[in-house]
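Notes follow the structure.
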Amino acid sequence: MGKTITEKIFASHLRDTPSPGNYVLDIDVVMCHEITTPVAIRDLEDRGMDRVFDPAKIKAVIDHVTPSKDSKTATQAKILRDWARRHGIRDFFDIGANGVCHALFPEKGFIRPGYTVIMGDSHTCTHGAFGAFAAGVGTTDLEVGILKGVCSFREPRSMLVEISGELPEGVGAKDVILKLIREITVNGATNMVMEFRGEVVERMSMEARMTLCNMAIEAGGTCGVCLPDRVTAEYLFPFMQDGFASVDEMVEDFRRWHSDPDAEYEKEVRLDVSGLSPQVTWGYKPDEVKDVADMTGTRVDQVYIGSCTNGRIEDLRAAARILAGRRIAPTVRGILAPATPKVYSQALEEGIIRIFMDAGFCVTNPTCGACLGMSNGVLAEGEVCASTTNRNFNGRMGKGGMVHLMSPLTAAATAVAGEIRDPREML
Amino acid sequence: MKEFGGRIVRLDRSDINTDEIIPAKYLTEISREALKPYLLEDLKLDGFDPASDELKQAGVIVTRANFGCGSSREHAVWVLEVNGINVVVAESFARIFRQNMFNCGMLAVELAAADIDRIFSMKGDLSAAVDVDRGIITVSGADGSLDFSFSLNDFERDLVKAGGWLAYADKKY
Ligand code: SF4
Numbered sequence: 176m177g178k179t180i181t182e183k184i185f186a187s188h189l190r191d192t193p194s195p196g197n198y199v200l201d202i203d204v205v206m207c208h209e210i211t212t213p214v215a216i217r218d219l220e221d222r223g224m225d226r227v228f229d230p231a232k233i234k235a236v237i238d239h240v241t242p243s244k245d246s247k248t249a250t251q252a253k254i255l256r257d258w259a260r261r262h263g264i265r266d267f268f269d270i271g272a273n274g275v276c277h278a279l280f281p282e283k284g285f286i287r288p289g290y291t292v293i294m295g296d297s298h299t300c301t302h303g304a305f306g307a308f309a310a311g312v313g314t315t316d317l318e319v320g321i322l323k324g325v326c327s328f329r330e331p332r333s334m335l336v337e338i339s340g341e342l343p344e345g346v347g348a349k350d351v352i353l354k355l356i357r358e359i360t361v362n363g364a365t366n367m368v369m370e371f372r373g374e375v376v377e378r379m380s381m382e383a384r385m386t387l388c389n390m391a392i393e394a395g396g397t398c399g400v401c402l403p404d405r406v407t408a409e410y411l412f413p414f415m416q417d418g419f420a421s422v423d424e425m426v427e428d429f430r431r432w433h434s435d436p437d438a439e440y441e442k443e444v445r446l447d448v449s450g451l452s453p454q455v456t457w458g459y460k461p462d463e464v465k466d467v468a469d470m471t472g473t474r475v476d477q478v479y480i481g482s483c484t485n486g487r488i489e490d491l492r493a494a495a496r497i498l499a500g501r502r503i504a505p506t507v508r509g510i511l512a513p514a515t516p517k518v519y520s521q522a523l524e525e526g527i528i529r530i531f532m533d534a535g536f537c538v539t540n541p542t543c544g545a546c547l548g549m550s551n552g553v554l555a556e557g558e559v560c561a562s563t564t565n566r567n568f569n570g571r572m573g574k575g576g577m578v579h580l581m582s583p584l585t586a587a588a589t590a591v592a593g594e595i596r597d598p599r600e601m602l
Numbered sequence: 003m004k005e006f007g008g009r010i011v012r013l014d015r016s017d018i019n020t021d022e023i024i025p026a027k028y029l030t031e032i033s034r035e036a037l038k039p040y041l042l043e044d045l046k047l048d049g050f051d052p053a054s055d056e057l058k059q060a061g062v063i064v065t066r067a068n069f070g071c072g073s074s075r076e077h078a079v080w081v082l083e084v085n086g087i088n089v090v091v092a093e094s095f096a097r098i099f100r101q102n103m104f105n106c107g108m109l110a111v112e113l114a115a116a117d118i119d120r121i122f123s124m125k126g127d128l129s130a131a132v133d134v135d136r137g138i139i140t141v142s143g144a145d146g147s148l149d150f151s152f153s154l155n156d157f158e159r160d161l162v163k164a165g166g167w168l169a170y171a172d173k174k175y
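Chains A and B supply the protein sequences, listed in that same order. Going by the numbering used here, the first residue of the first sequence is number 176, and it counts up by one from there. Going by the numbering used here, the first residue of the second sequence is number 3, and it counts up by one from there.
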């Protein structure tokens, strides 16, 4: 019987099968940030186990609250910083070089097809865009990952998600994933890897694929995954030149990870995106989604563009298409958080930052910031935010605040209108 | 091995997420104990009061489907632990939350929807006792007791007995 990409990755990393259906895998990359790692570090210290399995395979970043906003977050940053220094972790990114983990690490070429990746962060699923198995884990899994370089998983069941058709103008990866979650619900992919396939995915850039995979967890998915192809190879070639003479050679090599034609899937979902309209959430769950037409006119107090979902250069370019030559509504606070320093500099060079500022946006440094309601744009009770992030949970961006998730294009149009608006009217 | 069970608090809703169990703003706490006052602070559920005695005295949560969805924060498990809750019984769990429970040597018990319905229909204050080896949870209330069986695989049972994944992995790998 054929294997899925995930089954192939599991087979090539298998360390132990502690009972049927449970697998302990060797991990290629253990990623750490300052919110979930300090507790792990403290616990390892308390147990007299302050060691790391391989400093070269550990990547660390201070990204959630940076610069630190108070003594508590400063302490978290310090614990991570001191630990990275103490253990000689060279891929450690602090202020000036830091950005949102799931945007920063791929940009550095750390994620490769066939890799196993864990992080104490649920949106680790983003990295599946590179044909890796990347899963969010809790602190204890992270501790064991740091200490032993292994992690346990249950049976890697997969859901085949076939995306076909032609994406209409003004509709992108964010709308596709919101539509999918709307169809399959927040529980639709629980304990499954969502394997994104089909012509639409093949045509997508790495940035768009990351947006797609980023929200797999919002449907309960363990990981999102795309088959590594020419797009992946072109993105990774600068980092993998040592091993390959050409992009063609890489494309050929990556094929070994592709799911076999007779691989078995737990579930199959098909989505034709022709005629899809921009999607917007209305409630407190990521599957509470409507077409933008049904949300038009909803007043917002703040528009937030950024995060590991939509803070990459393509997202900023998209929003800038709408914002160029326009001003945001006087009742709206616009916040842009480019996801990484590289995104920020590129946006500067391309004149995009100017466009945002002229439109009336505040531009923050690269950070998670308001996405999880900890800094840089927390909502007050009763306030409404149009956001390009991935979670609209009650209280997510501030107690009593309401979050509507949408694409960067829709967020930009909403900023200009002061209320939710179809971006296609402004293109 | 520690004892599993205690008074039951019933949360009649599906998809209770980690932000509801422990809001992100408390993730700056480095000690587990500091999370204690914030259990279920943002839960959206009619009639639920996070300050109620029922919650304070609970040792077991019984709830519906997809409990613990959302973020990977183990804080969602620790906040239960420091409040004396060591068992969650649900129709299903989000993957990371479920794994975090076993990783901490705590019990995530899955029962069929019909069994969960029965527990919700039982009258009065309820309590539960769990026999991990036999895979039986006994729920007692005003109208008597009911036994429900659940399955754990060897690995999960070993984790619970070892007191969690760190102790287990340190010995084995
Ligand atoms: S941007 Fe938001 S969702 Fe992404 S890692 Fe940061 S806090 Fe998490």
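Glycine included, C-beta positions come from ideal geometry on N, C-alpha and C.
Residues sharing a beta bridge with K465 of chain A, DSSP: Per DSSP, A:V455.
Supposed close pair G481 of chain A, C388 of chain A - CB separation, criterion 8 Å: Incorrect: roughly 18 Å between the Cβ atoms, too far for contact.
Alpha carbon of A394 of chain A to alpha carbon of E22 of chain B, nearest angstrom: If you take the alpha carbons of A394 of chain A and E22 of chain B, they lie about 17 Å apart.
Below-8 Å beta-carbon distance, P52 of chain B vs any chain A residue: Judged by the 8 Å Cβ criterion, P52 of chain B is not in contact with chain A.
N102 of chain B beta carbon near the ligand SF4 (any heavy atom closer than 7 Å): Not under cutoff, so the answer is no.
Contact with chain B by L547 of chain A, beta-carbon distance below 8 Å: Yes, L547 of chain A counts as interfacial toward chain B.
For H208 of chain A: DSSP bridge partner residues: DSSP output for H208 of chain A lists A:V236 as bridge partner(s).
C-beta neighbour in chain B for T365 of chain A, strict 8 Å: For T365 of chain A, the answer is yes, since a Cβ of chain B falls inside 8 Å of its Cβ.
Alpha-carbon to alpha-carbon, R405 of chain A and M601 of chain A: Straight across, the Cα-Cα distance linking M601 of chain A with R405 of chain A is about 33 Å.
Chain D contacts from the segment 183 to 200 of chain A (Cβ-Cβ distance under 8 Å): In the structure shown, chain D does not exist; the protein chains are A and B.
Beta-carbon spacing of H277 of chain A, C483 of chain A below 8 Å: In this structure, C483 of chain A lies closer than 8 Å to H277 of chain A by Cβ.
Near the ligand SF4: D490 of chain A beta-carbon under 7 Å from a heavy atom: Checking the Cβ of D490 of chain A against the ligand SF4 gives no.
Under 8 Å between C-beta atoms of G166 of chain B and G126 of chain B: No.
Positions along the segment 300 to 319 of chain A whose CB lies within less than 7 Å of some CB in chain B: Here the close residues are G311, V312, G313, T314, T315, D316, E318 and V319.
is_contact[G295 of chain A, chain B] using C-beta, thresh 8 Å: Yes, contact with chain B.
T291 of chain A - partner residues in DSSP beta bridges: DSSP lists A:F308 as partners of T291 of chain A.
Separation of E112 of chain B from R332 of chain A, as counted between CA atoms: One C-alpha to the other measures close to 19 Å.
Buried or exposed by the 16-neighbour rule on C-beta atoms within 10 Å, applied to L42 of chain B: Its Cβ being crowded by 16 or more others within 10 Å, L42 of chain B is buried.
Residue nearest to G552 of chain A in terms of C-alpha spacing, selected from A:A468, A:D203, A:D476 and A:M369: Nearest of A:A468, A:D203, A:D476 and A:M369 to G552 of chain A, Cα basis: A:D476.
Euclidean distance between Cα positions of R445 of chain A and I338 of chain A: In this structure, the CA atom of R445 of chain A is about 6 Å from the CA atom of I338 of chain A.
Boundaries of the beta strand (DSSP E) in which L580 of chain A is found, first to last residue: Segment M577 to L580, the beta strand (DSSP E) holding L580 of chain A.
Contact with chain A by T65 of chain B, beta-carbon distance below 8 Å: So, not an interface residue.
Check your reading: residues with Cβ closer than 6 Å to the ligand SF4 heavy atoms: The answer, residue by residue, is A:H239, A:V275, A:C276, A:H277, A:D296, A:H298, A:S482, A:C483, A:C543, A:C546, A:L547, A:T564 and A:N565.
Interface flag, F69 of chain B vs chain A, CB-CB below 8 Å: It does not: the Cβ of F69 of chain B has no partner Cβ on chain A nearer than 8 Å.
Chain B contact residues for D213 of chain A, given Cβ-Cβ distances below 8 Å: Residue identity differs from the one stated: residue 213 of chain A is Pro in this sequence, not Asp. Ordered by position in chain B, the residues that pass the 8 Å Cβ test against P213 of chain A are I32.
Chain-ordered chain A contacts of E76 of chain B [CB-CB under 7 Å]: Chain A residues near E76 of chain B: G313, T314 and T315.
Where the beta strand (DSSP E) containing F328 of chain A begins and where it ends: In the DSSP assignment, F328 of chain A falls within the beta strand (DSSP E) that extends over V325 to R329.
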